[in-house]
Structure formats: structure tokens, C-alpha cells
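Numbering (UniProt numbering), first residue to last: 1 to 341.
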């Protein structure tokens with residue numbers, strides 16, 4: 001008898017761009033799908049906005065549309081909440097969903113600070129719900145990693161209340177796009193702490209040297225070097241005034257180099273393994289849609305297996321990323337009002 005795919009009924013919080021990408025991927029027809037995803041409910045600031053969102057991005061589907069987030073949390077037909085709001089609202093959105101006993105998949109950056117993440121994880125642990133945010137040594141021992149994610153967001157032309165310009169909304173290149181560079185940079189570093197330890201102390205992190213270029217208190221450019229105990233270095237950068245080159249990431253090892261390409265660090269399309277002996281092999285990714293379905297499938301499988309956090313991206317890894325970003329901002333000077341709370 002063939003294994004049955006788990007069913008997962010999603011409640012979508014916010015109707016912005018990233019939520020539109022996510023729901024389109026949820027309903028995308030794929031031969032390799034590992035779960036049955038149902039967009040059960042949409043929460044927006046008004047029912048009109050929610051209905052327009054469904055008409056534009058979910059033709060042929062009929063989710064329940066609510067004019068508030070609270071109604072989505074309270075819907076008994078919703079299993080899991082997807083949070084696509086600006087960074088500054090992630091903590092409260094997640095706590096509200098958890099309070100209603102819902103599982104949570106939250107967009108990056110998970111929260112603004114490590115302290116906020118610990119509060120969410122403690123609530124999730126107490127309630128017993130799921131919370132996520134993501135070896136063949138082909139090139140030997142890794143020595144250096146370089147990664148950049150930059151895109152010209154025309155910051156100067158935006159109003160002061162834009163999420164890309166308002167510090168209270170977590171504005172700046174680091175949380176918006178630099179988190180991708182940072183994640184690439186720490187891949188392969190020391191293993192994360194086990195689940196039991198992740199709520200007791202922050203994961204071990206490499207030493208960080210960082211600098212930021214600020215405009216009206218917002219970082220428009222961030223550069224950081226991660227120094228590991230074994231001598232390895234990761235150099236990660238982000239910028240909202242220029243655009244990254246297609247070859248956005250390079251990992252250098254004792255036996256060769258891996259070069260990752262794509263339109264951005266969030267959307268890799270191929271990588272090439274270049275050996276010191278001159279041998280090269282390119283790997284192209286088949287990626288219909290935006291790739292959000294991979295995280296949705298992983299969540300569905302983990303929940304079906306009774307896990308309360310991701311086997312791929314555990315809480316400890318999320319905390320490690322947030323702790324690194326806290327330190328980068330401490331050295332670089334970018335601050336949020338939430339830092340003083």
C-alpha cells in the first residue's frame with residue numbers, strides 16, 4: 001500500500017508580495033510533491049484586500065477570507081499559520097498563533113532579535129506546536145566562503161513609513177536580504193546545539209567582525225567576517241544600492257571550489273564544482289515556481305511525524321543566525337526601537 005501524503009491546511013497572515021509567492025507555490029502542481037497543501041484561510045487588514053489577493057493569486061481556490069489575523073488564528077479548520085508580515089510583527093504574530101494552538105511557519109527574519117526568538121520558542125515548547133524558520137566533501141576541508149546578496153531597492157525614493165526605511169519595522173539590508181548571505185556563510189560551521197539545549201543558551205557562534213554603512217540610521221550596506229576556531233573564514237555582504245553578480249557565492253576548500261549562481265542568493269539556480277585537478281561539473285536545479293514548496297513539504301512531513309520543530313532548520317540554528325545578526329548590528333551601529341525593550 002502506497003504511503004499517504006499528509007494533509008496540511010494553511011492560514012496565511014498578510015497579503016503582501018512574499019505571501020503571494022508562498023501561496024502560488026502551495027497550489028503549484030508538481031510531480032514530486034510530498035504533501036497535500038490546502039490554503040484554508042487568508043487574513044488581511046480588510047476582507048476586500050483579502051478577496052482581491054485570492055482573485056489575483058489563487059484563481060480556482062476558495063479559502064475563507066477574514067478581515068483580521070485573529071479570526072485566522074481562531075479558525076478550527078486551520079492547522080498551521082504562515083506569517084508573511086514585516087519583521088517587526090513576527091514575534092507577536094507567532095505568539096498569537098501559538099496561543100491558539102496553531103503550528104507556525106514564519107518568514108525570515110524570524111524575529112528582530114535573539115531575545116524575541118527565545119520568547120517565541122518558549123511559548124511553542126509550552127504549547128507543543130511546531131515552529132520553523134533550513135556529506136560528501138567534494139572540495140575537501142572548507143577554508144573560505146564568500147557570499148553577497150545585493151539589490152538596488154531605491155531606498156532614497158521611499159517614504160519614511162516604508163518597511164524598507166522604518167527602523168521600527170526592521171528596515172535595512174541585513175534583515176531583508178543579508179540574512180541569505182549570512183545563512184550561506186555559516187553553512188557547514190559547527191553543528192547546532194541539540195533541541196534540549198536550544199532554550200537554555202544561545203548556540204555557539206564564530207567570532208564576528210562587522211561594519212555597516214548607515215543612512216538615517218538604516219543600514220544600506222553590511223559586511224561581516226566570521227572567524228572560526230579552525231581558521232576558516234566566511235565573508236558575507238549585503239547592499240540595497242547595487243545588484244549582486246550572478247555568481248553570488250563561492251566556497252573554497254582544500255581540494256577545489258564550489259560556485260553558486262542564480263538571480264539572487266534566495267533563488268539559486270545552479271552550482272559548479274571545480275576541482276584543483278581541472279575537473280568541473282555543473283549541477284542545474286529544476287525549480288518551478290519560487291521554491292517555497294520545499295519548506296512547506298518539510299513542515300508537513302515533520303508535523304505528520306510528531307516533531308515540534310524542523311529536523312532541517314532547528315530552533316538552535318535560527319538562534320545562531322539571529323545572534324550573529326545582533327552582533328553585526330552592535331558593531332555596525334544599526335539599531336531598532338525593539339533593542340531597548
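Glycine included, C-beta positions come from ideal geometry on N, C-alpha and C.
Based on the DSSP output, what are the partners of residue i in its beta bridges?
| i | result |
| --- | --- |
| residue 21 | DSSP output for residue 21 lists no bridge partner at all. |
| residue 214 | 219 |
| residue 264 | 267 |
| residue 227 | 207, 233 |
| residue 103 | 80 |
| residue 8 | 37 |
| residue 274 | 257, 280 |
| residue 65 | 42 |
| residue 13 | 43, 83 |
| residue 52 | Looking at the DSSP assignment, residue 52 forms no beta bridge with any residue, so it has no partner. |
| residue 238 | 149, 222 |
| residue 250 | 146, 259 |
According to DSSP, is residue i helix, strand or coil?
| i | result |
| --- | --- |
| residue 161 | coil |
| residue 319 | helix |
| residue 77 | coil |
| residue 89 | helix |
| residue 245 | coil |
| residue 255 | coil |
| residue 32 | coil |
| residue 312 | coil |
| residue 120 | helix |
| residue 26 | helix |
| residue 40 | strand |
| residue 129 | coil |
| residue 143 | strand |
| residue 149 | strand |
| residue 307 | coil |
| residue 329 | helix |
| residue 166 | coil |
| residue 138 | coil |
| residue 114 | helix |
| residue 337 | helix |
| residue 58 | coil |
| residue 94 | helix |
| residue 156 | helix |
Measuring only the C-alpha atoms, how far is residue i from residue j?
| i | j | result |
| --- | --- | --- |
| residue 233 | residue 330 | 20 Å |
| residue 318 | residue 182 | 12 Å |
| residue 74 | residue 9 | 13 Å |
| residue 289 | residue 336 | 34 Å |
| residue 58 | residue 280 | 42 Å |
| residue 198 | residue 321 | With a pLDDT of 45 at residue 198, under the threshold of 50, the modelled position of this residue cannot be trusted, and the question is left open. |
| residue 42 | residue 56 | 13 Å |
| residue 163 | residue 254 | 42 Å |
| residue 256 | residue 140 | 7 Å |
| residue 146 | residue 68 | 42 Å |
| residue 49 | residue 15 | 8 Å |
| residue 113 | residue 124 | 17 Å |
| residue 102 | residue 308 | 11 Å |
| residue 276 | residue 243 | 30 Å |
| residue 128 | residue 5 | 23 Å |
| residue 223 | residue 238 | 7 Å |
| residue 144 | residue 47 | 50 Å |
| residue 23 | residue 328 | 33 Å |
| residue 185 | residue 99 | 34 Å |
| residue 83 | residue 252 | 36 Å |
| residue 284 | residue 270 | 4 Å |
Residue i lies in the beta strand (DSSP E); which residues open and close that run?
| i | result |
| --- | --- |
| residue 45 | Where residue 45 is concerned, there is no enclosing beta strand (DSSP E), given that its DSSP letter is neither H nor E. |
| residue 280 | 280-284 |
Provide the residue span of the alpha helix (DSSP H) that contains residue i, from first to last.
| i | result |
| --- | --- |
| residue 344 | Outside the shown range of the chain (1 to 341) lies residue 344, about which nothing can therefore be said. |
| residue 179 | 179-186 |
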